[in-house]
Amino acid sequence: MPKHPSEEQLAFHYAVYAKVCEIPYGHVTSYGCIAKLIDCPERPRQVGMSLKYRDKYLPYLTNDEQMPLFKEEIPWWRVINSQGIISKRETVQAEKRQVERLQSENVDVEERDWTAASTPPSSWTKYHVDFAKYGWFPEEH
1 MPKHPSEEQL
11 AFHYAVYAKV
21 CEIPYGHVTS
31 YGCIAKLIDC
41 PERPRQVGMS
51 LKYRDKYLPY
61 LTNDEQMPLF
71 KEEIPWWRVI
81 NSQGIISKRE
91 TVQAEKRQVE
101 RLQSENVDVE
111 ERDWTAASTP
121 PSSWTKYHVD
131 FAKYGWFPEE
141 H
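Residues in the sequence shown are numbered consecutively from 1, following full-length UniProt numbering.
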């Protein structure tokens, strides 16, 4: 049986999911922005992990009647890295699923040719979103 997350862990995951649910349709933000908005500016990677493992933590986030606190899907696809790049996933299909979700919200996703430019970090994909056009940063940081 999996270990029950601590109250501190659940509070963090709740804050991440609640803030991600505020990202408007057709917009994106960064892991770092979410971390800053929930007063954990040093934890953007943990924001990414929270979104990655949301299916593990969501069952623990219930109200007093044991009803889920989040009835709608958490729009994880609206969170990308600070350079506007979609981060690598376990599979290419998972990366494409994020691209397709964004495109279904009329977000233009540019496919970059890294062979023509410098080599990107290994955690980056070829998919880029223009923050100037689609970015959601409610509090400038």
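Positions of the beta carbon are idealized from the N, C-alpha and C atoms, including for glycine.
Out of the options, point me to the one whose CA is closest to residue i's CA.
i, options, result
"S50", "D64, W76 and K36", "W76"
"P44", "L69, T29 and E8", "T29"
"K52", "Q98, N106 and K133", "Q98"
"R112", "Q93, A132 and G84", "G84"
"P68", "Y14, D108, V107 and E8", "Y14"
Give a yes or no on whether the C-beta atoms belonging to residue i and residue j are separated by under 9 Å.
i, j, result
"I80", "V129", "yes"
"Y123", "S82", "Position check: residue 123 holds Ser in this sequence, whereas Tyr was assumed. Cβ distance not < 9 Å, so S123 and S82 don't count as in contact."
"C40", "F12", "yes"
"E110", "R78", "no"
If residue i sits next to residue j, beta carbons under 8 Å apart, how far is it from one beta carbon to the other, in whole angstroms?
i, j, result
"L61", "L10", "6 Å"
"E95", "Y127", "7 Å"
"E139", "L37", "6 Å"
"H4", "Y134", "About 38 Å separates the two Cβ atoms, so there is no contact after all."
Count the other C-beta atoms from every protein chain shown that fall within 10 angstroms of the C-beta of residue i, then say buried if there are 16 or more, exposed otherwise.
i, result
"T91", "exposed"
For residue i, I'd like the list of residues in its chain whose CB is within less than 6 Å of its CB, leaving aside the five on either flank, ordered along the chain.
i, result
"I74", "Y17, V20 and R54"
"T125", "I86, K88 and E95"
"V47", "V16, Y31, I34 and A35"
Near residue i, what residues of its chain come up, given a Cβ to Cβ distance below 7 Å and the 5 sequence neighbours on each side ignored?
i, result
"P24", "W136"
Can you give me the Cβ contacts of residue i inside the same chain, cut-off strictly under 8 Å, excluding the 5 residues immediately before and after it?
i, result
"E72", "C21"
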